[in-house]
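In terms of our numbering, the sequence shown opens at residue 32 and continues consecutively. So the structure is just underneath, and the comments pick up after that.
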Amino acid sequence: MTAVAIDPVHLREDEKNRVTTIDLRSDTVTKPTPEMRRAMADAEVGDDVYGEDPTINRLEQRAAEIFGREASLFVPSGTMGNTIAIKILTRPGQEIICEERAHIYNYEMGMLSRFSGCVPRLVPAPDGILTWAEVKKRIAPKIYYRAQTSLVSLENTNNMAGGSVYPQEVSDEICDGAHEAGLRVHLDGARIFNAATALGKSVADITRKFDAVMFCLSKGLGAPVGSLVLGSRAFIDEAWAVRKALGGGMRQAGILAAAGLIALETMPARLKEDHANARFLADGLARIRGIQIDASKVQTNILVCDIGGTGLNSVDFSRRLAEHNVLANGVGPTAMRFVTHMDVDRAGCERALQVVERCADA
Ligand SMILES: Cc1ncc(COP(=O)(O)O)c(C=O)c1O
C-alpha cells in the first residue's frame with residue numbers, strides 16, 4: 032500500500048471564515064463564548080510570576096477544590112502540563128510505561144526524552160485501556176544495567192483510541208499496583224471531565240490515586256487557552272520552577288484564566304450533549320456502506336472509524352469532506368476521527384452525516 036501522509040486538514044485562506052463549516056477535527060477548535068469574552072475583558076490581573084494574578088489564583092484554587100487536591104498550577108498547554116509532571120516524577124535514564132497510542136509519546140515532540148531524559152516503554156492495549164496485569168509485565172527488572180521504570184502514565188479519555196474511558200476500578204488497580212512496586216503514576220487527563228461524565232462520577236473520585244494530574248480547559252470545556260496541573264503542595268511548588276524554566280511564566284494571564292474559570296464551572300455539565308452527538312454520528316456512520324465502526328464502543332466525544340471499504344484513503348476522504356464544508360482528520364491510512372464539541376449541534380451532525388454518505392458513495 033502506498034504511504035499516506037496523515038496530516039490534519041489545514042484550511043485555505045478563503046476557507047477560514049466560512050460560517051457554515053462543520054468542524055469535527057477536534058474539540059480544540061471551539062471558540063470562546065460571549066460570556067468568556069466578557070469575563071476576559073473585565074478580568075482583574077497581576078504578575079503571575081510573582082503569584083499576584085488574582086484571577087489565576089482563583090482558578091488554581093477552584094481546580095484544586097474540585098479535584099480534592101492540595102494545589103494546582105495554571106499552564107499554557109496540556110503538553111506543558113504533562114512535561115512538567117513527568118519532569119518532576121522521573122530522573123534521566125529511566126523508563127515510562129504508557130499505552131502505544133499515548134499523546135505524550137506520539138504528539139508531544141519527544142518531550143519525555145527532550146526534557147526528562149526518559150524513554151517510553153509502549154504497551155498495546157485493546158481500546159487503549161491498560162490493565163495492571165499488562166503494566167506489571169513491563170516493569171524493568173531491578174538489575175543495575177537495565178533502565179529502571181519510574182512512572183506509569185495513563186490517558187483518560189484515550190484520544191486516539193476513540194475517546195475510551197478507564198473504568199475506575201481499572202485505573203485504581205494500576206495506581207495501587209504501581210505504588211506497591213515503588214512507581215509513580217501520572218494522568219494525562221486532557222479530557223478527564225468527559226471521562227467523569229461517561230462514568231457518572233466526580234473528577235475527584237476517578238483521579239484521587241494518581242500522583243499528578245493534568246487536565247485541559249481548552250478542549251471540550253471550550254476555553255481558548257490553558258491547562259492545569261494538580262498534586263500535593265510540594266509537587267506544585269516544584270512545578271512552579273519547571274514551568275518557569277520551560278518559558279511558561281505568563282504574567283497577566285488572568286485574562287485567560289477568566290475564560291478558564293467559566294469553562295471549569297459551567298462547561299462540564301453540557302459534555303453529555305457532545306457524547307450523545309458522537310453516538311448519533313457513530314450510529315449514522317455504521318449505516319453507511321464502506322464505513323466500519325462499532326458504535327456501541329463510543330463512550331465520549333471522540334470516534335474513530337475505518338473508511339477503507341469506500342476505496343478511498345483518509346487524506347482523499349477528508350479532502351472531499353472539506354469540499355462540502357465538513358472537516359474531520361485522518362488518523363491512519365483509512366482511519367478517520369470525528370470529535371464533537373459545543374460548536375457543533377445535532378443539526379450539524381445530521382448535515383455531516385449526509386455529506387459523509389455522499390463522499391463515501393462518490
Ligand atoms: C490526550 C491529550 N493530551 C494532551 C494534549 C495536549 O494538549 P495541548 O494541545 O494543549 O498541548 C492533547 C491535545 O490534543 C490531548 O489530546
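Note that CB positions come from ideal geometry on N, CA and C, so glycine has one too.
In the DSSP assignment, what are the bridge partners of residue 357?
Per DSSP, 53.
Using 8 Å for Cβ pairs, my map puts residue 366 next to residue 334. What's the rounded Cβ distance?
About 11 Å separates the beta carbon of residue 366 from that of residue 334, a gap too long to meet the 8 Å contact definition.
Using the rule of at least 16 other Cβ atoms within 10 Å of the residue's Cβ for burial, across every protein chain shown, is residue 92 buried or exposed?
The residue in question, residue 92, is exposed, as its Cβ has fewer than 16 Cβ neighbours within 10 Å.
C-alpha gap between residue 256 and residue 217, whole angstroms:
Computed Cα separation, rounded: 22 Å.
Which first and last residues belong to the beta strand (DSSP E) in which residue 105 is found?
Per DSSP, the unbroken beta strand (DSSP E) holding residue 105 starts and ends at 102-106.
Classify residue 323 as helix, strand or coil using the three-state DSSP reduction.
Under the three-state reduction of DSSP, residue 323 is assigned to strand.
Which residue's Cα is closest to the Cα of residue 331: 154, 131 and 158?
Closest in C-alpha terms to residue 331, from the list 154, 131 and 158, comes 158.
Burial state of residue 123, where buried means 16 or more other Cβ atoms lie within 10 Å:
Exposed is the call here.
Does any heavy atom of ligand 1 sit closer than 7 Å to the C-beta of residue 278?
Within 7 Å of the C-beta of residue 278 there is not a single heavy atom belonging to ligand 1.
Pick from 307, 110 and 391 that is closest to residue 343, judged by C-alpha positions:
Residue 343 has its Cα closest to that of 391, out of 307, 110 and 391.
Express the C-alpha separation of residue 368 and residue 65 in angstroms, rounding to a whole number.
So the alpha carbons of these two residues sit roughly 28 Å apart.
Supposed close pair residue 294, residue 253 - CB separation, criterion 8 Å:
Confirmed, Cβ separation roughly 5 Å.
Would you say residue 203 and residue 240 are within 8 Å of each other, going by their C-beta atoms?
Yes; because the gap between Cβ atoms is below 8 Å, this pair is in contact.
For the 8 Å Cβ check, are there 3 or more pairs between the segment 210-227 and the segment 115-130?
Three or more Cβ pairs drawn from the segment 210-227 and the segment 115-130 lie within less than 8 Å of each other, which places the two stretches in contact.
Assigned exposure category for residue 200 - 16 Cβ within 10 Å defines buried
Flag for residue 200 reads exposed.
Could you check whether the Cβ of residue 331 sits closer than 7 Å to any heavy atom belonging to ligand 1?
Not so, every heavy atom of ligand 1 lies at least 7 Å from the Cβ.
Could you confirm whether any beta carbon from chain D is found closer than 8 Å to the beta carbon of residue 142?
Here there is only one protein chain, and chain D is not present.
Just list the residues that DSSP pairs residue 337 with in beta bridges.
DSSP output for residue 337 lists 323 and 366 as bridge partner(s).
Could you pull the DSSP bridge partners for residue 129 from this structure?
According to DSSP, residue 129 shares a beta bridge with 153 and 184.
Please list, in chain order, all residues of the same chain as residue 389 whose beta carbon is under 8 Å from its beta carbon, the five residues on each side excluded.
Shown here for residue 389: same chain residues with a beta carbon closer than 8 Å to its own, the five before and five after excluded, namely 355 in chain order.
Does the separation of the CB atoms of residue 193 and residue 225 fall below 8 Å?
Cβ atoms of residue 193 and residue 225: not closer than 8 Å.
8 Å Cβ cutoff met for residue 285 and residue 85
In contact: residue 285 and residue 85 (Cβ atoms closer than 8 Å).
Over the uninterrupted alpha helix (DSSP H) stretch that includes residue 314, give me the two end residues.
Looking at the DSSP string, the run of the alpha helix (DSSP H) that includes residue 314 is 302-317.
Closer than 8 Å by C-beta to residue 162: which residues in its own chain qualify, once you throw out the five before and the five after it? Chain order, please.
If we look at residue 162 and ignore the five residues flanking it on each side, its Cβ neighbours are 156, 201, 204 and 205.
Exposed or buried, residue 150, counting other C-beta atoms within 10 Å across all chains shown (16 or more means buried)?
Label assigned to residue 150: exposed.
Can residue 357 and residue 383 be called in contact, C-beta distance under 8 Å?
Going by C-beta atoms, residue 357 is nearer than 8 Å to residue 383.
Hey, how far is the Cα of residue 361 from the Cα of residue 174?
Answer to the nearest angstrom: the Cα atoms are 42 Å apart.
Name the DSSP beta bridge partners of residue 216, please?
Beta-bridge partners of residue 216 (DSSP): 183.
When you compare each of 320, 364, 325 and 326 to residue 340 by their alpha carbons, which one comes out closest?
When each option's Cα is compared against that of residue 340, the closest is 320.
Between 247, 112 and 353, which has its C-alpha nearest residue 54's C-alpha?
The shortest C-alpha separation from residue 54 is found at 353.
Candidates 87, 80 and 309: closest to residue 327 by CA position
Just measuring C-alpha positions, the residue of 87, 80 and 309 sitting nearest residue 327 is 309.
Terminal residues of the beta strand (DSSP E) in which residue 161 lies
From DSSP, residue 161 is part of no beta strand (DSSP E); its letter is neither H nor E.
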